[in-house]
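Down below is the structure, laid out as structure tokens.
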Amino acid sequence: MNKNRIMVIDDEKIVGDMAKLSLETEGFVVETFLNGEAALARLKEQPFDVVVTDYKMKGIDGMEVLRIVKKQYPGTKVIMITAFANLDAAIEALRGDVHDFFPKPVKINELKASIRRALGK
Amino acid sequence: MTPAMKKAAGWLTAIVRHLGIRPRKRTSPEALFRQFRDVLKNNNRSLEIITDIGDILSGDYLFDIQYIRRSYGELSASLEGSLASFEELTSGRYPRLRTVYRSINENIRHAIDGASPQRKDLVVVAEDIDDSAAGAVGGKARNLAELGNRMGLPVPASFVITTQAAEAYLLHNRVMERSGLTGGPDAGRAYQEARELILHGEMPTELSRAIERGVRRLKKRCRGDCYIAVRSSAGEEDGDFSFAGQFETVLNVPSESAAVERAYRKVLASIFAPSALVYQQRLGYGVTDMKMAVACMVMVDAAASGVAYSRDPRGASDSVVINATWGLGTSVVEGRTDSDYFRVSKGDPFEILEQKIGTKESLAVRVSGGGTATLSVPVNVRKRPSLLPEQVARIAGLAVKIEQHFRRPQDIEWAIDGDGKVFILQSRPLRDSEPAGKKPDRAALDREVQAIARKNGLAVYPGGATGRVFILRNPADLDRVSRGDILVARHDASQFVRVMADVAAIITDTGALTSHMAALCREFRLPTAVNTGDMTRTLVHGQQVTVHIDEHEVTVYPGVVDQLLDRADAGSLRMEELSEYRKKRYLLRYIVPLNLVDPLRDDFSPKACRTLHDILRFIHEKSVAELIDQAGAGWRSNRAVKLDLSIPAGIVLIDIGEGLQNAAPRDHVTTDQVTSVPLRAVIRGMVHPGVWHSESVPLRANDFMTSMLRASDIVTDGAPRASASVAVISRDYMNLSLKFGYHYIILDAFCSEVTRNNHLYFRFAGGATDITKRSRRLQLIAAVLHEQGFHIKLKGDMIVARLANIGRDEMEARLDVLGRLISFTRQLDAMLHDDGAIERYKTNFLSEMYEVPSMHGKEPVKRDP
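Line order of the protein sequences matches chains A and B.
Counting from 1, one number per residue, gives the positions in the first sequence under our numbering.
Counting from 1001, one number per residue, gives the positions in the second sequence under our numbering.
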């Protein structure tokens, strides 16, 4: 059985490390990136089922990632996480067809449940 | 005033200022209470934030540094609020608390920002190591200083060459750039090059001088000839991860700076040793992340030494495990020879429950002039125990003490010198061997599959694994071990860490539960058994087998036996193994632990506060004390209202906020008009039917004399009066000072819906009878309050009892009991003619039997509980 691939983008290493560790125990294949540029480059080589991205990043930010993914890889679901519970950001993200939106700190079990929903499990 | 007097007065003022002694300011009850409430409010907010941070950093959440910064900002703001209200409440009598807070705050800010600690010393003597030096001296030296400085345990004198010194050395010799470690493709060669550069590097002059000063100072502490053990103390070493045996230790170095410098280079170079690097990588360290401090401690001339685990790592919490051998302990921790094993009960007395005396073929000894040698032990003494039973008990006692101090099971290295004195050389947290998965049905399995081997052994980490047997005959063959192999070796060795991430299990013929390898295997959660006898001769190299390791037995089956495998566990990473996560969690150690546990101890002081939690605790306790003192001494205002009671307790009330009904009269009130929750509860107890005895008590002649003599000590404002009892109340709060004849009671209680705010403080002192009877009454009170869960301290003829953090209903129930006890024991001392009466009255009181027949000349009848 093919394992689902999850991409995690956050400019803080700890977020990616923790997400990778917890999602791998669920049987997902996880790759982490510290910025939007590297992540989008990887998406060109390898399709992912779900992209979990931080909202605010230097360079290509989470909204930009969302727009590009939705345009170029419509089958890939995007989950947005952000440092502060920012209502405007949430509304903007939801308009951009984000699958889910979480303020940080994110409960890992909730993120896992959201990913499972995104995968239709 | 003469100039000399002026000078003396000036000194005195300076001393008073230095000691932070400030006169108590008399404040109005309302103002005092408002300040107290402010303290509580801020303390509660701080504790909520601490709980939240603890939750978020538990590993169940994704968080980032912004979260930590924001939360800590909130925490420090509310804690500073607490501190400000507290300083106002106590008229600034604890200036040291703010200094302590500043220092902890600085440590936390450094932990958040990942900045190096402020201390720039190249060498620190052990006596000067405190929490602020923790980062600079590394985990091992910090723990040892804790044992020596705070616990007063026997540890060898030492100094530490700090992490700053290591950075200075590496920089001075341009090790990173010259070795190409900062990014070359050939990493192995770069590490080798880095080691060479360190070993042959030049010592910076300043560091060389600092080491010389350290050595000189150490020499003064030696008796006779002085040799030094030079040991690693890396950043996190002896913290959450053991780094057991990963870095170099140089024993028995002559106390000359040139020799110490040589040893220092060796230890420092071991950061780049291949096995140490495997371990560092496993924990997520980058090449330049590891900070190495080096401890130089006076060598103990060890007659015997070894390791003690303050609990059995196989899960039994009620015993201490000790491994011992003659001479230096290197052979125990490196598993080079068989050692003695003792399992000791944890209680006092420490009894040996189990012992296995090993065949100790060799021992390591100091060589005069420096270095160590391994000698062969004469055959006839190999099987003799290396420790006497009383030495085993003493080591077990120390191990338990250290565990209690750190509040975690400990892995301790110790040595006994020629005079029988025990020294602690090292202490670090002990990893448990958690049982891996479900227990398989072995009996059913044995009916299906014939085992190849079944041996007694010690399970370092239980579990099942399958793989090809790799029998290691020569240590150099370790590099030939393949992924998934079961490593079978004659002795255990910390060097095996190089393959721990790859192998499926490790089994050794000899070895101890307490060795370095054992500590590492537990961290890797790798099924491991040691001391199995002759597994290297029983199993066949290359054979596919499944091993099952349980507490005392290793069973080997041919082929793959699925039901014995627990694949999810071994080798998998856990959150705590992420270095970024550990770094963030590190700051919790300055916030969460509570060290200031017992307010009745003498070291309950600002100086003893090591975490923010401690500071909050101190503030709370001392705020309560302030209320008690001020309420007792100063609040005799003309607003006093008499409380009408069915007993002649003579209590007047001062209401500072919703303690009485609005419509209550101004001169006297009934209990129905009292709205103060704690006062209502205590009064309910005091007037409980039968507890208050009104008849006069026949004082004996000596009691009467005592009462005459004691009157002025007890009641300082003149003769005892019935109306001397006063309660300062609000809806949630009560401070009740009762004076009954010749004894007095203070009862201070906060009783609200918020459990965390609630506290109960009870103080009882004095009495009319002789000291023996008064003391019996206190013992009776102590016995009853003990049953009620109070923390108690008896001092002279005074008892102090405390209780906090219980819900409102429980508070009311305790106050009711206290009310009954106050009434019941009011005159009881005169009846306590023998010690046996204490137990009888206690039983009666707890059975709600309040008659005191002895007042009429008869002893109470004991009723079966």
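Note that CB positions come from ideal geometry on N, CA and C, so glycine has one too.
The way I'd put it, the region 1219-1234 of chain B does touch the region 1291-1306 of chain B; three or more beta-carbon pairs between them come closer than 8 Å. When secondary structure is reduced to three states using DSSP, N1173 of chain B falls in the coil class, being assigned neither helix nor strand. Counting only the Cα atoms, T1508 of chain B lies some 32 Å from G1370 of chain B. Annotation for F1470 of chain B: the continuous beta strand (DSSP E) segment containing it runs 1463-1472. Here C1521 of chain B carries a helix assignment [DSSP, helix/strand/coil]. Put simply, the backbone Cα of R67 of chain A is about 21 Å away from that of G16 of chain A. K1421 of chain B and P1095 of chain B have their C-alpha atoms some 41 Å from each other.
It is roughly 7 Å from the alpha-carbon of S1623 of chain B to the alpha-carbon of F1086 of chain B. C-alpha of S1362 of chain B to C-alpha of L1513 of chain B: approximately 19 Å in a straight line. The closest CA to that of G59 of chain A, considering only A:L40, A:Y73, A:E24, A:V51, is found on A:L40. When the Cα atoms are used, E1351 of chain B and R1070 of chain B turn out to be separated by approximately 52 Å.
A straight-line Cα-Cα distance of about 28 Å links V1100 of chain B and F1750 of chain B. Leaving aside the five residues that flank V1215 of chain B on each side, the residues in its chain whose CB is nearer than 6 Å to its CB run, in chain order, S1255, S1257, V1260.
Around I1056 of chain B, the beta-carbon contacts reaching into chain A at under 8 Å are P105.
The region 99-117 of chain A and the region 17-33 of chain A touch, with no fewer than 3 CB-CB distances between them shorter than 8 Å.
The beta carbon of T1330 of chain B is closer than 6 Å to those of A1364 in its chain, skipping five residues each way along the sequence. The C-beta of Q1827 of chain B has 16 or more other C-beta atoms within 10 Å across all chains shown, which makes the residue buried. Below 8 Å, enough C-beta pairs join the region 1782-1795 of chain B and the region 1832-1846 of chain B to call them touching: three or more. Taken in chain order, the members of the region 1028-1062 of chain B whose beta-carbon sits within less than 8 Å of a beta-carbon on chain A are I1056, G1059, D1060, Y1061, L1062. Across the structure, M1535 of chain B and V1460 of chain B are spaced so that their CA atoms are roughly 16 Å apart.
For V1039 of chain B, there is no enclosing beta strand (DSSP E); the residue is found in the alpha helix (DSSP H) stretching over 1029-1055.
The beta carbons of L1587 of chain B and V1682 of chain B sit about 43 Å from each other, so the pair does not count as a contact at 8 Å. R1102 of chain B and I1619 of chain B have their C-alpha atoms some 15 Å from each other. Each residue's CA atom was taken as its position, placing T1532 of chain B and I1549 of chain B some 11 Å apart. Residue range 1065-1089 is occupied by the alpha helix (DSSP H) that includes I1068 of chain B. Considering only B:G1657, B:L1747, B:G1511, the residue with the shortest C-alpha distance to R1034 of chain B is B:G1657.
S22 of chain A is classed as buried because its beta carbon has at least 16 other beta carbons within 10 Å across all chains shown. Taken atom to atom, the span from the alpha-carbon of V50 of chain A to that of A1501 of chain B is near 30 Å.
Short of 7 Å from the beta carbon of Q1788 of chain B, and not among the five residues preceding or following it, lie these beta carbons of its own chain, in chain order: R1814, V1817.
Those residues of the region 1-16 of chain A placed with their C-beta closer than 8 Å to a C-beta in chain B are D10, E12, K13, I14, V15, ordered along the chain. In this structure, the alpha-carbon of D1411 of chain B lies about 12 Å from that of K1401 of chain B. In the DSSP assignment, P1558 of chain B falls within the beta strand (DSSP E) that extends over 1553-1558.
Identification of chain B residues near I108 of chain A by a Cβ-Cβ cut-off of 7 Å yields D1060, Y1061, L1062, ordered along the chain. Chain A places no beta carbon closer than 8 Å to that of Y1586 of chain B, leaving this residue out of the contacts. For the C-beta of Q1066 of chain B, the chain A residues within less than 9 Å are, from N- to C-terminus, E12, A83, F84, K104.
Following the DSSP letters along the chain, one finds Y1279 of chain B in no beta strand (DSSP E) but inside the alpha helix (DSSP H) bounded by residues 1274-1282.
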